[in-house]
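One structure is given below, encoded as structure tokens.
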Amino acid sequence: MPVALALSPHLDDAVFSCGGTLATLADAGWRVVMATLFTASVPEPRGFALACQLDKGLGPEVDYMALRRAEDLEAAGILGVATEHLPFREAPHRGYASAQALFSETRADDAVVADLVPGLAALVGAVRPDLILAPQAIGGHVDHVQAVRALGQAAPAAPVLWWRDFPYTVRDAEPKQPLRPLFADRPVRTVALDPGAQLRKARACAAYATQIGFQFGGEAGLLDRLAREEGVERFRVSGPLPAGLPGRDAAP
Ligand SMILES: [Zn+2]
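In structure tokens, the structure reads:
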């Protein structure tokens, strides 16, 4: 059975950006592991980290990350994929102290890449993927950027489908693409989702209930935004893709 490993920075990114492809691979007989990197619970959050849960109506006593890990399990069940939750801390717990800082330059004192590299190497060694799916860091969230840097340093042998980070791809007319030079010359691959995969992707996205409000203004906004994607997920490609992979090569 071929194996695909999706490397999601946060609990929602892989589903938002390539959930239909993950469902399609699972339907085609692949074992799919959706691994999320930044999922650590941090007790007694303060400052901006605390504000990030208070503004979602979650009191300081709530284990916000535990809630989100549970949402991830529900989404994975809908798609038919397995999950892994890696124990790295999200950016608000690494010194990024404002919403603006999350989308600015990475901090010189943010050493998470050095921790992520062995974590990714161990994960790849355990899962032994034939295909990796990972973000392009479109939008420029520092956690996405650090994830791509770490994957570059871990340098696994498997080919990679680099996804477009939805909804950052559609939030601004010209989203930030700090790592664009890594991807601009790579071939493009598209996966056209059948109606069943599109429906499951939408249901799986909606499972991230704590995120849907501020990302999309609610579930209706999510469905409207997904509908405008027209059932297609687009990737940049590194390495020779496995034969029989769903999707087709496309013009850049
Ligand atoms: Zn994210």
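In this note's numbering, the protein residues as written are 1014 to 1265. All residues carry an ideal CB built from backbone N, CA and C; glycine is no exception.
Legend entry - DSSP three-state assignment for M1078, whether helix, strand or coil: helix
Inset, instruction - Using 10 angstroms around the beta-carbon of G1060, count the other beta-carbons present and answer buried if the total reaches 16, otherwise exposed. - result: exposed
Inset, instruction - Give every residue of the same chain whose Cβ lies closer than 7 Å to the Cβ of L1038, excluding the five residues on either side of it in the sequence, and list them in chain order. - result: A1017, V1045 and P1259
Legend entry - H1098: CB within 7 Å of a non-hydrogen atom of ligand 1: no
Legend entry - In chain order, each alpha helix (DSSP H) run of at least 4 residues that lies wholly inside the segment 1136 to 1190: 1155 to 1167 and 1181 to 1184
Legend entry - Own chain, CB closer than 8 Å to A1171, minus 5 neighbours either side, in chain order: L1018, V1137, P1142, D1143, L1144, I1145 and G1252
Legend entry - Heavy atom of ligand 1 within 7 Å of P1022 beta-carbon: yes
Inset, instruction - Determine the contact status of S1030 and R1177, defining contact as a CB-CB distance below 8 Å. - result: yes
Legend entry - Proximal residues to G1108 (C-beta, below 7 Å), its chain only, five neighbours per side dropped: R1120, D1122 and D1123
Inset, instruction - Kindly list the residues whose CB is nearer than 6 Å to the CB of Y1181, restricted to its own chain and excluding five residues on each side of it in sequence; keep chain order. - result: I1151, G1152 and P1188
Inset, instruction - For my contact list, A1205 and V1245 are in at a C-beta cut-off of 8 Å; report their separation, rounded to the angstrom. - result: 5 Å
Legend entry - Through-space distance from P1194 to Y1221, alpha-carbon basis: 31 Å
Inset, instruction - Assign M1014 to buried or exposed, taking buried as 16 or more other Cβ atoms, counted over all protein chains shown, within 10 Å of its Cβ. - result: exposed
Inset, instruction - Using a threshold of 8 Å, state whether the C-beta atoms of V1130 and Q1159 are closer than that. - result: no
Inset, instruction - May I ask you to check if the CB of H1154 is nearer than 7 Å to at least one heavy atom of ligand 1? - result: yes
Inset, instruction - Would you identify the three-state DSSP class for V1055, choosing helix, strand or coil? - result: coil
Inset, instruction - Along the alpha helix (DSSP H) that carries V1028, what are the first and last residues, could you check? - result: D1026 to D1040
Inset, instruction - Pull up the DSSP beta-bridge partners for V1125, would you. - result: DSSP lists no partner for V1125.
Inset, instruction - Report yes or no: do three or more beta-carbon pairs, one from the segment 1229 to 1239 and one from the segment 1075 to 1091, lie closer than 8 Å? - result: no
Legend entry - Reference R1199, options L1071, Q1166, Q1149 and A1036, closest by Cα: Q1149
Inset, instruction - Please indicate yes or no: does the CB of D1026 lie closer than 7 Å to some heavy atom of ligand 1? - result: yes
Legend entry - Nonlocal neighbours in the same chain, by C-beta distance under 7 Å from A1036, ignoring five residues either side: L1092, G1093, A1210, R1213 and K1214
Legend entry - E1232, enclosing alpha helix (DSSP H) - first and last residue: E1232 to A1240
Legend entry - Span separating the alpha-carbon of G1070 from that of A1064: 10 Å
Legend entry - Three-state secondary structure assigned by DSSP to A1095: strand
Legend entry - Closest Cα partner of T1049 within the set A1256, F1116, L1115 and D1085: D1085
Inset, instruction - With DSSP as the reference, label T1049 as helix, strand or coil. - result: strand
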